[in-house]
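Trainee: Would you mind keeping the following structure in view while I ask a few things?
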Amino acid sequence: MIFKAIKSLLLVLSFSTFFISCDSKENSSQELKVFRYNEHYNVATLDPAFARNPPIIWPTNQLFNGLVQQDDSLNIKPDIAKSWEISDDTKTYTFNLRKNVWFHKHSQFANADSTRTVTAADFVYSFNRLKDPKVASPGSWVLSNVEHYKAVNDSTLVITLKKEFPAFLGLLAMRYCSVVPHEVVDYFGTEFRSNPIGTGPFKFKRWEEGVKLVLRKNENYFEKDEDGIQLPYLEAIAITFLPDKQSEFLQFAQGNLDMLNSLDPSYKDELLTATGQLQEKYKENVNTITGPFLNTEYLGFFLSSNEDEVRSLALRKAVNLGFDRLKMIKYLRNGIGTPANAGFIPSGLPGYGTSGFEYDPVEARKLIEQYIKESGNTSPSITIGTNSQYLDICEYIQRELGKLGLLINIDVMPPSTLRQLKSTGKLDSFRASWIADYPDAENYLSLYYSKNFTPNGPNYTHFKSAEFDKLYEDSFKISDIEKRKILYKRMDSILISKAPFVPLYYDQVIKFVHKNVTGLTANPQDFLVLKRVRKLPLD
């Protein structure tokens, strides 16, 4: 294992040396500004139609643009669309496109400049491709509520929805909805995955799969900063693929990586104190970047289970009350995250803040004893399915509930098995997380809408409430976020009262960067955006 890690490391370092030395010759008059980070998982594709997870979303964020984009406060901002209007019935969106957005250069553009500007017809093509069954994009659902779309002219795109959906602009900000050029996609076919041409601040340079991915500055990028300086500031991005997290940490500590984006148990105590502060020896050279992450970590109960314990509201509430979330965060996560003492909606979204479950072992014991008395079952037990990454948290809950008279069994399995069994209703209880697809509380509440029962939707618990369903459907008809927020809180209160889940913690984005890196921010959806990042000379 160690030999393989060292071999991979040497290969990466030799590739890095080659890259930097070659490009130094091309840029002898200036210092090459390269931002370097590591990705633990191999990137399967650079085609935005398949950008379903962070390893793909991060590089495609640099390569592509859509109609709109989100800032770090989750506000929808112009991207290729400079402005838009929404009809009174909130079903029709008219986008006015910029006329100065150019695709990255490629020989398939049959003109002297080897490029061309983006038009509304390019979005029609890109959306058609996203919906094409032959392409089989996992993001086709984004357009499932779209009735039709058309290019009125080169700079005007009209999209009409089947029914109201206030969060629609958030969907369009997803990487799935990026614009791609038909000339290049048609030429490469499925090999567009490794020959991406977009409009983003960086353009594709080279990719040795499983070893290194290099992106270079797009000299024709349309965005400028507040001072009128063209973005991006960096000359290049270099992404390595070391699977071993300890090797990654070593590379970061030695200055060979500019960013460390994970907090692995193997080195978390080396890097952070129990309260989430940097250890003293790293303070001189490293900064931490933190912020809310739209991710709720939780335990779910499958309410259609044959097991009486899982169907018992008293026991589900007992689990919620029977362990100290604050202590769990402090000792198992080094202070990273917020104890989930509210509902399912995470911190950072309108609707967050419903009063939830606080640690109350006395009440938890009473509920367990109540269940024993009413059921006659003197040894109640619940089995939680999890993967090894969250075993310590499940074992903590097991110990705490065991003290109160409820036996918790833990079934550890590979992540892929956990996902499959959770989706098919084969687990009575399971550890899960929900990361926002788009920044609206509706995305979280959709997990408890009865028409979304798995396997046809994300309702893994099979929770059902007529009152909840009506509020959920009514929320689509309200465009005012303040009014929608009232409905969201009511729905979250219903969930708390029925306890189909145990919220564990609301996650937190945490990045470690060397102090010469500026402009990197903590995006609530953890979408890496590098167009405003600078690297300053080291002292």
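Last residue of the sequence shown: number 528 in the working numbering, and the count goes up by one each step with no gaps.
Beta carbons are placed, not taken as given, at the ideal position from N, Cα and C, and that holds for glycine.
1. Would the region 447 to 464 count as touching the region 303 to 320 if we require 3 or more Cβ pairs under 8 Å?
2. To the nearest angstrom, how far is the alpha carbon of Glu448 from that of Gly342?
3. Span of the alpha helix (DSSP H) holding Ala455?
4. Would you mind giving the Cβ-Cβ distance between Arg314 and Ala329, rounded to the nearest angstrom? I have them listed as a contact below 8 Å.
5. Helix or strand or just coil, what does DSSP make of Met402?
6. Given a cut-off of 8 Å, decide if Gln268 and Glu259 are closer than it, judged by their beta-carbon atoms.
7. For the region 162 to 177 against the region 118 to 134, are there 3 or more C-beta pairs whose distance is under 8 Å?
8. Where does Arg322 fall in DSSP's three states?
9. Should Phe39 and Ile45 be called a contact, given that it needs their Cβ atoms to be closer than 8 Å?
10. Are the region 275 to 284 and the region 484 to 504 touching, with three or more C-beta to C-beta distances below 8 Å?
11. Rounded to whole angstroms, what is the Cα-Cα separation between Asp111 and Gly345?
12. Starting from the N-terminal side, write out each stretch of the alpha helix (DSSP H) that is 4 residues or longer and does not extend beyond the region 438 to 519.
13. May I ask which residues mark the beginning and end of the beta strand (DSSP E) holding Gly536?
14. DSSP on Thr145, reduced to helix/strand/coil?
15. Since Gln58 is in the beta strand (DSSP E), which residue starts that stretch and which ends it?
16. So the candidates are Val23, Ile499, Ile475; which of them puts its Cα closest to the Cα of Asn245?
17. For a quick check, are the C-beta atoms of Phe92 and Thr188 less than 8 Å apart?
18. Which residues bound the beta strand (DSSP E) around Val23?
19. Does the region 192 to 205 come within contact of the region 59 to 73, defined as at least 3 CB pairs closer than 8 Å?
20. Between the alpha carbons of Phe516 and Arg354, how many angstroms are there, rounded?
21. Compute the distance between the beta-carbons of Gly280 and Pro513, then report whether it is under 8 Å.
22. Report the partner residues of Trp423 according to the DSSP bridge assignment.
23. Report, in whole angstroms, the separation of the C-beta atoms of Gly289 and Leu390, which I expect to be a contact under 8 Å.
24. Could you pull out every unbroken alpha helix (DSSP H) segment of at least 4 residues lying fully inside the region 319 to 381, listed in chain order?
25. Start and end of the beta strand (DSSP E) containing Thr83?
26. Whole angstroms are fine: how far does the CA of Thr229 sit from the CA of Gly508?
Mentor: Short version:
1. Three or more Cβ pairs closer than 8 Å define a contact, and the region 447 to 464 falls short of that threshold against the region 303 to 320.
2. Contrary to the premise, residue 448 reads as Asn rather than Glu in this sequence. When rounded, the distance between both Cα atoms is 22 Å.
3. 455 to 464 is the extent of the alpha helix (DSSP H) around Ala455.
4. That pair is a contact at about 6 Å.
5. Of the three classes helix, strand and coil, the one that applies to Met402 here is coil, per DSSP.
6. In this structure, Glu259 places its C-beta atom within 8 Å of the C-beta atom of Gln268.
7. Contact between the region 162 to 177 and the region 118 to 134 is established, with three or more Cβ pairs separated by less than 8 Å.
8. Arg322: coil per DSSP, three-state reduction.
9. With a cutoff of 8 Å on beta-carbon distance, Phe39 and Ile45 are scored as near each other.
10. With the cut-off at 8 Å, the region 275 to 284 and the region 484 to 504 touch.
11. Roughly 47 Å separates the two Cα atoms.
12. Scanning the region 438 to 519 from its first residue to its last, the whole alpha helix (DSSP H) runs of 4-plus residues come out as 455 to 464, 470 to 487.
13. In the structure as shown, the chain starts at -10 and stops at 528, and residue 536 therefore has no counterpart that could be examined.
14. In the structure shown, the three-state DSSP call for Thr145 is strand.
15. Element bounds for Gln58: 57 to 59.
16. Each of Val23, Ile499, Ile475 was checked against the Cα of Asn245, and the nearest Cα belongs to Val23.
17. Less than 8 Å separates the beta-carbon of Phe92 from that of Thr188.
18. In the DSSP assignment, Val23 falls within the unbroken beta strand (DSSP E) covering 23 to 27.
19. The region 192 to 205 is not in contact with the region 59 to 73.
20. Near 42 Å, if we compare the C-alpha coordinates of Arg354 and Phe516.
21. Contact: yes.
22. Thr285.
23. That belief does not hold up - the Cβ atoms of Gly289 and Leu390 are roughly 16 Å apart, past 8 Å.
24. For the region 319 to 381, the full-length alpha helix (DSSP H) segments reaching 4 residues or more read 350 to 364 along the chain.
25. DSSP places Thr83 in the uninterrupted beta strand (DSSP E) bounded by 81 to 86.
26. Rounded to whole angstroms, Gly508 to Thr229 spans 21 Å at the Cα level.
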